Structure formats: structure tokens, C-alpha cells
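Line order of the protein sequences matches chains A and B. Residues are numbered in the numbering used here as their position in the first sequence, beginning at 1, plus a constant of 134. Residues are numbered in the numbering used here as their position in the second sequence, beginning at 1, plus a constant of 478. Where a beta carbon is used, it is the ideal one built from N, C-alpha and C, also for glycine. The structure displayed is predicted, hence computed values, not measured ones. I have placed the structure first, in the form of C-alpha cells, so that the comments after it can refer back to it.
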Amino acid sequence: MRIFFGFLSGLVFGIGLVISGMANPAKVLNFLDVFGAWDPSLAFVMGGASLTAFVGYRLAWRQERPALLPTFDIPTASDIDGKLLTGAAVFGIGWGIGGFCPGPAWTALTIAAPGTLIFVPMMLIGIFIGRRLRSSPFATRSA
Amino acid sequence: MLPITQTDFTPWASLGGGILIGLSTVMVMALFGRVTGIIGITAGAANADDRGWRIAFIAGLIAAPLLWLVATGAMPQQAVSDNLPGMAIAGLMVGLGTALGSGCTSGHGICGLARLSARSLVAVITFMVFAAGTVFVLRHVIGGAV
């Protein structure tokens with residue numbers, strides 16, 4: 135059940151990325167190019183997705199527990215620290231260079247453009263390094 | 479960096495696709511009680527106790543263009559830069575930044591905003607400003623040199 139619904143959720147997410155244009159780096163980069171070839175379409179993706187989630191989350195939270203797991207596990211961190219800001223800035227620069235954020239990069243794997251085939255493994259290495267950095271004493275101290 | 483090509487303004491397709499993405503995050507919340515942060519799911523697929531559904535979720539993401547192919551007869555339209563060193567650096571920064579900042583476009587953007595998290599709002603504004611700034615520099619200051 136978990137595997138089936140996990141797959142189905144990913145499939146719906148991926149189809150949403152494709153239909154919305156979010157899976158096409160050309161469209162993402164034009165969305166970010168406010169002073170050039172600006173294409174504001176992706177604001178509608180963010181708007182549609184977060185409004186749907188805003189309403190849907192509140193319905194989902196009426197359940198005592200999620201349908202397939204024993205407990206809800208929702209992020210509780212509220213601190214705005216150096217790690218959050220540095221991480222978001224580094225992510226933003228990478229997003230601006232490649233036009234891929236993590237979801238669309240996975241989806242694009244199937245189309246197998248050479249740029250994607252190098253992007254995804256490097257992203258996985260980046261996640262590994264980033265998670266080590268996040269828990270390192272240096273990052274904690276500087277935050 | 480890709481050569482600059484105009485793309486069509488597609489508010490309805492983008493809104494529709496956005497609603498589908500939102501529905502997926504609601505499914506994950508209702509079924510698994512988790513936010514749909516792609517980076518969190520990816521990291522969790524490697525080491526979480528209940529990794530099965532996360533691996534299946536990523537498999538679903540990867541399978542989506544195939545469903546699109548079956549439904550429409552063509553692969554989704556896409557233009558990816560073939561500057562391989564540039565894409566390698568981009569991938570590394572996206573992975574590193576989202577892991578360090580605990581979230582990406584979906585985790586902070588969609589799910590965080592839906593939870594009305596101030597922390598996520600700050601993250602979204604930060605990565606948007608840096609992403610737009612990067613595109614500005616690459617396209618209009620350096621001008622396609624990268």
C-alpha cells in the first residue's frame with residue numbers, strides 16, 4: 135500500500151511538473167529573468183500548488199493520524215539562522231545556473247539530456263556534503 | 479547557461495499543473511503525514527527507516543514523462559543546457575544548498591508556505607532573489623559567456 139501510494143503521489147507530482155512547465159529549464163530561467171525574457175507563468179505554479187496545499191493540509195490534519203503511518207511528522211524548526219540563509223542562497227545560485235530544482239531534475243532524468251545526467255549525481259553528492267555540513271560543529275557555531 | 483529563447487506565457491497550464499503538485503503534497507500529508515520536500519524525500523530514501531514509500535515517490539517522479547509519452551505520443555518539451563561543467567556546478571550547489579537550508583522549492587516553497595512558516599518564507603525569498611540575481615548576471619552582465 136505504502137509503495138503503491140508513494141509511487142502514485144510521485145507520479146501526480148511529476149505530471150504536475152510537466153504540465154506546469156516547471157520541468158523545462160528554459161521556462162524556469164525565463165521566470166527568473168525578470169529584466170529580460172520574463173515569463174511569469176511559474177508564479178501560477180507556486181500559487182496553485184501552495185493554495186491547494188494550504189486547504190488540503192488543513193483537511194488532512196483533521197485525521198487523528200495519517201492513513202498509512204502511525205504519526206504526523208511535520209517540521210518544527212522556526213529559527214532563521216546562518217545555515218538556512220546560506221543554504222537558500224547557494225541553492226538559489228545553482229537553480230539560476232541550471233534551471234533545475236530537485237523535483238524537476240528527477241523528472242528530467244527519463245529524458246536523459248547530458249546536462250541532466252551530470253546534474254542529478256552531482257546533486258546527490260551535494261546533498262551528502264550538505265547534510266554533513268549541517269550537523270558539523272563549524273556550521274552550528276557560525277549559525 | 480542556455481541560449482535565451484522566448485517561452486510562451488501559460489497561466490492556465492501552469493495553474494493546473496500547480497494544483498496537481500499541490501494535490502500530490504496533500505496526498506503525502508494525508509497518507510504519510512509528511513511534508514513533500516523533494517530533497518528530504520531524496521535524503522530519506524537513502525537512510526530513513528520507512529524508506530520504501532520515498533523510493534517509490536521518486537520512481538513516480540521519474541516515471542511521469544513516460545505516462546506523458548503514453549498519453550500524448552511525445553516526450554515533454556524540454557531544453558537543458560549542454561554546458562556540462564556548468565550543470566555539474568549547478569547540481570552540486572542545488573544539492574548542497576537545499577540540504578544545508580533544509581528545503582527546496584517544494585519543501586520551503588509549497589509546503590512551508592502552506593504551513594505559514596516564517597522560516598520557509600525567508601528561505602523562499604532568499605533563494606528567489608539569488609536565483610534571479612544569478613540569471614541577471616549570467617544573461618545580462620556576463621552575457622552568455624558561461
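- Message: Tell me which residue opens and which closes the alpha helix (DSSP H) that residue 532/B is part of.
- Response: In the DSSP assignment, residue 532/B falls within the alpha helix (DSSP H) that extends over 530-550.
- Item | Completely contained alpha helix (DSSP H) runs for the region 143-227 of chain A, where each covers 4 or more residues | Fully enclosed alpha helix (DSSP H) runs of no fewer than 4 residues occupy 159-166 and 175-194 of the region 143-227 of chain A, in order along the chain.
- Could you say if the region 544-564 of chain B and the region 492-510 of chain B meet the contact criterion of at least three C-beta pairs nearer than 8 angstroms? The region 544-564 of chain B vs the region 492-510 of chain B: no contact.
- Message: At a CB distance below 8 angstroms, what residues from the region 554-571 of chain B approach chain A? Give them in sequence order.
- Response: Those residues of the region 554-571 of chain B that come within reach of chain A (Cβ to Cβ, closer than 8 angstroms) are 554, 555, 556, 557, 558, 559, 560, 561, 562, 564, 565, 566, 567, 568, 569, 570 and 571.
- Would you report the Cα separation of residue 543/B and residue 487/B, rounded to the nearest angstrom? One Cα belongs to residue 543/B, the other to residue 487/B, and the distance between them is close to 22 angstroms.
- Three-state secondary structure assigned by DSSP to residue 473/B: A query on residue 473/B cannot be resolved here, the shown segment of chain B reaching from 479 to 624 and no further.
- Rounded separation between residue 197/A and residue 611/B - CA only: Roughly 42 angstroms between the two C-alpha positions.
- Query: Roughly how many angstroms lie between the CA atoms of residue 493/B and residue 255/A, to the nearest whole one?
  - Reply: Inter-residue distance for residue 493/B and residue 255/A is about 30 angstroms (C-alpha atoms, whole angstroms).
- Query: CB-CB under 6 angstroms to residue 179/A, same chain, minus the five flanking residues each way: which ones, in chain order?
  - Reply: Once the five neighbours on either side are set aside, the close Cβ partners of residue 179/A are 154 and 156.
- Message: With a threshold of 8 angstroms between beta-carbons, can residue 146/A be considered close to chain B, or not?
- Response: Yes, residue 146/A lies at the interface with chain B (some Cβ there is under 8 angstroms from its Cβ).
- Counting contacts by CB-CB distance shorter than 8 angstroms, is residue 521/B in contact with chain A? Taking Cβ atoms only, chain A reaches closer than 8 angstroms to residue 521/B, which makes this a yes.
- Message: Relative to the C-alpha of residue 214/A, which candidate in 585/B, 595/B and 540/B has its C-alpha closest?
- Response: Of the candidates 585/B, 595/B and 540/B, the one whose C-alpha sits nearest the C-alpha of residue 214/A is 595/B.
- Classify residue 516/B as buried or exposed, calling it buried when 16 or more other Cβ atoms lie within 10 Å of its own Cβ. That one is buried.
- Task: Just tell me which of 239/A, 218/A and 231/A has its CA closest to the CA of residue 603/B.
- Result: Minimum Cα distance to residue 603/B is reached at 218/A.
- Anything in the region 523-546 of chain B with a Cβ closer than 8 angstroms to a Cβ of chain A? List those residues in chain order, please. Under the 8 angstroms Cβ criterion, the region 523-546 of chain B contributes 528, 530, 531, 532, 533, 534, 535, 536, 537, 538, 539, 540, 541, 542, 543, 544, 545 and 546.
- Message: At the 8 angstroms Cβ level, is residue 270/A part of the contact set with chain B, yes or no?
- Response: For residue 270/A, the answer is no, since every Cβ of chain B falls outside 8 angstroms of its Cβ.
- Query: Excluding the five sequence neighbours on either side, which residues of its own chain have a C-beta within less than 7 angstroms of the C-beta of residue 173/A, listed in chain order?
  - Reply: Correct list, in chain order: 161, 164 and 165.
- Just the chain A side, please: which residues come within less than 9 angstroms of residue 504/B by C-beta, in chain order? Those are 186, 187, 189, 190, 191, 193 and 194, listed as they occur along chain A.
- Item | Three-state secondary structure assigned by DSSP to residue 505/B | Three-state DSSP puts residue 505/B in a helix.
- Item | chain C residues whose Cβ lies nearer than 8 angstroms to that of residue 513/B | No chain C appears in this structure, whose protein chains are A and B.
- Cβ neighbours of residue 590/B in the same chain (closer than 8 angstroms, five flanking residues each side left out): Only residues of its own chain outside the window of five on either side were considered, and among them 513, 581, 597, 598, 599, 601 and 602 have a CB closer than 8 angstroms to the CB of residue 590/B, listed in chain order.
- Message: Taking the alpha helix (DSSP H) that residue 252/A belongs to, which residues open and close that run?
- Response: Annotation for residue 252/A: the continuous alpha helix (DSSP H) segment containing it runs 248-268.
- Query: What distance in whole Å lies between the Cβ atoms of residue 199/A and residue 531/B, which are believed to be in contact at a cut-off of 8 angstroms?
  - Reply: With a Cβ gap of about 15 angstroms, residue 531/B and residue 199/A do not count as contacting.
- Task: List the whole-angstrom C-beta distance separating residue 538/B from residue 142/A, where the pair is believed to meet the contact cut-off of C-beta under 8 angstroms.
- Result: 7 angstroms between Cβ atoms; contact.
- Query: Since residue 563/B is in the alpha helix (DSSP H), which residue starts that stretch and which ends it?
  - Reply: According to the DSSP assignment, residue 563/B belongs to the alpha helix (DSSP H) that extends over 562-578.
- Checking contacts by CB at 8 angstroms: is residue 552/B closer than that to chain A? No - not a single Cβ of chain A is within 8 angstroms of the one on residue 552/B.
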